[in-house]
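Asker: This structure is in structure tokens; I'll ask about it shortly.
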Amino acid sequence: MAEQYLLGIDIGTSGSSGVIVDDDLAVVASASTEHDFRVPSPGWLEHDADEVWWDDFVALSRELLDGTGIDPAAIAGVGVSAIFAAMQPVDGDGDPLRPAILYGVDTRTTDEIADLTDRIGEETIYETCGNRLTFQSVGPKILWYKRNEPELFAETEQIVDATGYVVHELTGNYTIDNAIASYFHPMYDPETCSWDEEMVEAVGISRDLLPDPGWATEIAGGVTDEAAAETGLEPGTPVIVGTGDALASMVSVGAVDPGEAIFMYGTTGVIFTVLGGNRAPEGLWSGPFVFEDTYHAGGGMATSGAIVRWFRDELADAERRRAEGAAADAYELLDGQAAGVAPGSDGLVLLPYFSGERTPITDDSARGTLVGLTLQHTKGHLFRAILEGVGYGFRHHVEAMADVGIDVDRVRAIGGGAGSELWRGIVSDITGVSQEYVADPLGSPLGDAFLAGYGTGVFESLDALDARVAVTGSTDPDPETRDAYDEYYHVYRDLYPQVRDSMHRLAALGDE
């Protein structure tokens, strides 16, 4: 039996997962749980930090420790990751003052983005933080909070992200890693890896409300007696600063060198790549990576797997019943129907903007749009059009990167949706990019466990990670299908500017 173990837990949008690994990075046990997010108003998405973030961590930690019988004293380190760019104000006791405002899928900050951009200047913002203000930016979320809930703002002791909240619950210390801090635009300077005092003042808050940035693998502190009693961990167990879920996923599949990238088929569709420098193309995100002197660029579609799940839940009741009766998966049944449909879904194109869009288009009033329907189209056509719409979104990101010289040399496909061979094939055919599929579904928590081991000295290099990553298959683009998709992709790119005004009018009517 191994002498040392590591615990990694990731808190996601719709669920959380965790692993315990040994000192060879072999997985000893894994567990997962689902949770909901709140939609108190159109375009608003929130989590209850205690009920979702902390309760999930406690439940998973307990399940993993109890299920394995591992002595908690043998856990050498704990790593945490969570959704990027959430905004959680807490009081002097570290208790949430309101539900957490989630990342770019929450689009309430249109006015605050416009105000900060007008007052500071778009170029000044970009020169300082390397990013434009978008719904992914935490600075406008803080300004919204200050303007709309001033009494709560007056009680605020710290503003933390999801990872930082869990780490504080574990250690009593407020932390944030440089990667997540870089999404607190316009307040973070990636050149100095520190808060920019002038930008913090422009947002209208005190620097004291923000934790000091550090690197993901630095030790944030030890597990407190109170947290130990809840989680089952040993008091004093080292906890690293941790990072965002997408970057932990990159680590889990060994995408850690410049030019290496991931396509994440999750609730949202995400593309991230490691950079040699610290600036991304306009319209995408950039900031430090998890290791010192490394950087990343990326972007995210507001909805991808969320649309697939919506379709299953709302429009595929028959497939769900059949799957339950046959101990099968409704998604596999839907894939089977879509596989029989020609590329392009016989004249259908979907804009996957079911919750606005984040990148490369930034538009909270964008709406999902399906164009080309006829009476000949079937459920299989509709489902394939959804998979293709996400594929067109991935291609839009790849082209935005290529336009400024960022070549995506190697892509690894991760996330629950990546298990669909059909979907991976569609995305490769549309983008022209080969994907290496890592079938191991553990993703972010495995990356968390490795980062904890790296930070505590259990792993002295990336060798253990390289040995652990197992590519189980490669999905290559088919040249003929790629050509067929080109025309559809151009229709996709043309559609948004053509229907944008109608989208905005419908969004306004829907909000009344």
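My numbering puts the first residue of the sequence shown at -18, with every later residue one more than the last.
Here a beta-carbon is modelled for each residue, glycine too, at the ideal position from N, C-alpha and C.
The structure displayed is predicted, hence computed values, not measured ones.
1) What is the DSSP secondary structure of G337, counted as helix, strand or coil?
2) Taking 8 Å as the threshold (C-beta atoms), are Y477 and I342 in contact?
3) Please name the residue in L332, V450, G406, A451 whose C-alpha comes closest to that of R481.
4) Report the three-state DSSP secondary structure of E136 (helix, strand or coil).
5) Between which residues of its own chain and E241 is the CB-CB distance below 6 Å, once the five residues before and five after are set aside?
6) I'd like the span of the beta strand (DSSP E) that includes V472, first residue to last.
7) Under the rule that 16 or more other beta-carbon atoms within 10 Å means buried, what is S62, buried or exposed?
8) Between the Cα of Y435 and those of P216, L133, E273, I82, spot the shortest distance and give me the residue it belongs to.
9) Please report the distance separating the alpha-carbon of V408 from that of G111.
10) With a cut-off of 8 Å, do at least 3 Cβ pairs link the region 452 to 465 to the region 75 to 83?
11) From which residue to which residue does the alpha helix (DSSP H) around P77 run?
12) Quick check: the Cα distance between V237 and R188, rounded to an integer number of angstroms?
13) Go through its chain and collect everything with a Cβ distance to A320's Cβ below 6 Å, but skip five positions before and after it.
14) Quick check: is the beta carbon of Y373 nearer than 8 Å to any beta carbon in chain E?
15) Taking the DSSP output, what are the residues bridged to A63?
16) Can at least three beta-carbon pairs, one atom from the region 42 to 62 and one from the region 1 to 14, be found at a separation below 8 Å?
17) Give me the Cβ distance between S425 and A229, rounded to the nearest whole Å; I'm assuming they're in contact under 8 Å.
18) Report all residues from its chain with a CB closer than 7 Å to the CB of T14; omit the five preceding and five following residues, and keep chain order.
19) Given a threshold of 16 other Cβ atoms within 10 Å of its Cβ, counted over all protein chains shown, does T249 qualify as buried or as exposed?
20) Does L354 come out as helix, strand or coil in the three-state DSSP assignment?
21) Go ahead and label H149 buried or exposed: buried means 16 or more other beta carbons lie within 10 angstroms of its beta carbon, across all protein chains shown.
22) Since V222 contacts A209 with CB under 8 Å, what's their CB separation in whole angstroms?
23) Should L490 go down as buried or exposed, given a rule of 16 or more other Cβ atoms within 10 Å for buried?
24) Confirm, please, whether the CB-CB distance from A162 to Y169 is below 8 Å.
25) What are the start and end residues of the beta strand (DSSP E) that includes R391?
26) Should P23 and D492 be called a contact, given that it needs their Cβ atoms to be closer than 8 Å?
27) Does S230 come out as helix, strand or coil in the three-state DSSP assignment?
28) Keeping to the same chain, check which residues put their C-beta closer than 6 Å to that of V0; ignore five residues upstream and five downstream.
29) Are the beta-carbon atoms of A227 and F253 separated by less than 8 Å?
30) Within a Cβ cutoff of 7 Å, which residues of the same chain sit near Y470, ignoring the five residues on either side of it in sequence?
31) Which whole-angstrom value describes the C-beta separation of C174 and P269, a residue pair presumed to lie in contact below a C-beta threshold of 8 Å?
32) Would you mind listing the beta strand (DSSP E) stretches within the region 114 to 171 that are 3+ residues and don't spill past its ends, in chain order?
33) For V8, which residues does DSSP report across the bridge?
34) Judging by CA-CA distance, which residue of W125, Y334, T49, E132 is the nearest neighbour of R89?
35) Relative to the alpha-carbon of A323, which residue among F244, G279, Y466 has its alpha-carbon at the smallest distance?
36) State the start and end residues of the unbroken alpha helix (DSSP H) segment that holds Y373.
Answerer: The answer reads as follows:
1) Numbered from 1 along the sequence shown, position 356 holds the residue referred to as residue 337. The answer is strand: DSSP assigns G337 an E or B state.
2) Walking along the sequence shown from the start, residue 342 turns up at place 361. Walking along the sequence shown from the start, residue 477 turns up at place 496. The beta carbons of I342 and Y477 sit closer together than 8 Å.
3) Locating residue 481 in the sequence shown gives position 500, where the first residue counts as 1. Closest by alpha carbon: L332.
4) As a working mapping, residue 136 is identified with position 155 in the sequence shown. If DSSP states are grouped into helix, strand and coil, E136 belongs with coil.
5) By 1-based counting over the sequence shown, the position of residue 241 is 260. Contacts found: V255, R391.
6) On the sequence shown, position 491 is the one that residue 472 refers to. No beta strand (DSSP E) holds V472; the alpha helix (DSSP H) holding it covers 460 to 492.
7) Within the sequence shown, the letter at position 81 stands for residue 62. S62 is buried by the Cβ-count criterion.
8) Sequence index remark: in the sequence shown, residue 435 carries index 454 (1-based). When only C-alpha atoms are compared, the closest one is E273.
9) Here residue 408 refers to the residue found at position 427 of the sequence shown. Here residue 111 refers to the residue found at position 130 of the sequence shown. One C-alpha to the other measures close to 29 Å.
10) no
11) Within the sequence shown, the letter at position 96 stands for residue 77. In this chain, P77 is not harboured by any alpha helix (DSSP H), its DSSP state being neither H nor E.
12) As a first step, residue 237 is located in the sequence shown; it is residue number 256 there, counting from the start. As a first step, residue 188 is located in the sequence shown; it is residue number 207 there, counting from the start. Roughly 32 Å separates the two Cα atoms.
13) Numbered from its first residue, the sequence shown carries residue 320 at position 339. Excluding sequence neighbours, A320 sits near L403.
14) No chain E appears in this structure, which consists of one protein chain only.
15) As a position in the sequence shown, residue 63 is number 82, starting the count at 1. Answer by DSSP bridge pairing, in chain order: I(-8), G225.
16) yes
17) As a position in the sequence shown, residue 425 is number 444, starting the count at 1. As a position in the sequence shown, residue 229 is number 248, starting the count at 1. Confirmed, Cβ separation roughly 4 Å.
18) Counting from one through the sequence shown, the residue named residue 14 turns up at place 33. For T14, where only same-chain residues beyond five positions count, the Cβ hits under 7 Å are G(-4), S(-3), D37, A40, L41.
19) Sequence index remark: in the sequence shown, residue 249 carries index 268 (1-based). The residue is buried, with at least 16 neighbouring Cβ atoms inside 10 Å.
20) Stepping through the sequence shown from its first residue, residue 354 is reached at position 373. Reduced to three states, the DSSP call for L354 is coil.
21) Within the sequence shown, residue 149 is the residue found at index 168, counting from 1. H149 comes out buried.
22) Numbered from 1 along the sequence shown, position 241 holds the residue referred to as residue 222. Numbered from 1 along the sequence shown, position 228 holds the residue referred to as residue 209. Not confirmed; about 19 Å, so no contact.
23) Stepping through the sequence shown from its first residue, residue 490 is reached at position 509. With fewer than 16 other CB atoms across the displayed protein chains lying within 10 angstroms of its CB, L490 is exposed.
24) Counting from 1 along the sequence shown, the entry for residue 169 is found at position 188. Counting from 1 along the sequence shown, the entry for residue 162 is found at position 181. A contact, by the Cβ cut-off of 8 Å.
25) Taking the first residue of the sequence shown as 1, we reach residue 391 at position 410. Start and end: 391 to 395.
26) Residue 23 sits at position 42 when you count from the first residue of the sequence shown. Residue 492 sits at position 511 when you count from the first residue of the sequence shown. Going by C-beta atoms, P23 is nearer than 8 Å to D492.
27) Translated into positions along the sequence shown, residue 230 becomes position 249. Correct three-state label for S230: helix.
28) Within the sequence shown, numbered from 1, the residue matching residue 0 stands at position 19. For V0, where only same-chain residues beyond five positions count, the Cβ hits under 6 Å are G(-11), V8, S11, L423, P426, L427, A430.
29) As a working note, residue 227 is residue 246 in the sequence shown. As a working note, residue 253 is residue 272 in the sequence shown. The answer is yes: Cβ separation under 8 Å.
30) Stepping through the sequence shown from its first residue, residue 470 is reached at position 489. Non-local beta-carbon contacts of Y470 in its own chain, meaning distances under 7 Å to residues more than five positions away in sequence, involve Y373, R376, I411 in chain order.
31) By one-based count along the sequence shown, residue 174 stands at place 193. By one-based count along the sequence shown, residue 269 stands at place 288. Contact between C174 and P269 holds, with the beta-carbon distance rounding to 6 Å and staying under 8 Å.
32) You should have 139 to 141.
33) Residue 8 sits at position 27 when you count from the first residue of the sequence shown. Answer by DSSP bridge pairing, in chain order: V2.
34) One-based indexing of the sequence shown puts residue 89 at position 108. Out of W125, Y334, T49, E132, W125 has the C-alpha closest to the C-alpha of R89.
35) On the sequence shown, residue 323 is found 342 positions in, with the first residue counted as 1. Ranking F244, G279, Y466 by Cα distance to A323 puts Y466 first.
36) Along the sequence shown, one-based indexing puts residue 373 at 392. Where Y373 is concerned, the enclosing alpha helix (DSSP H) stretches over 360 to 383.
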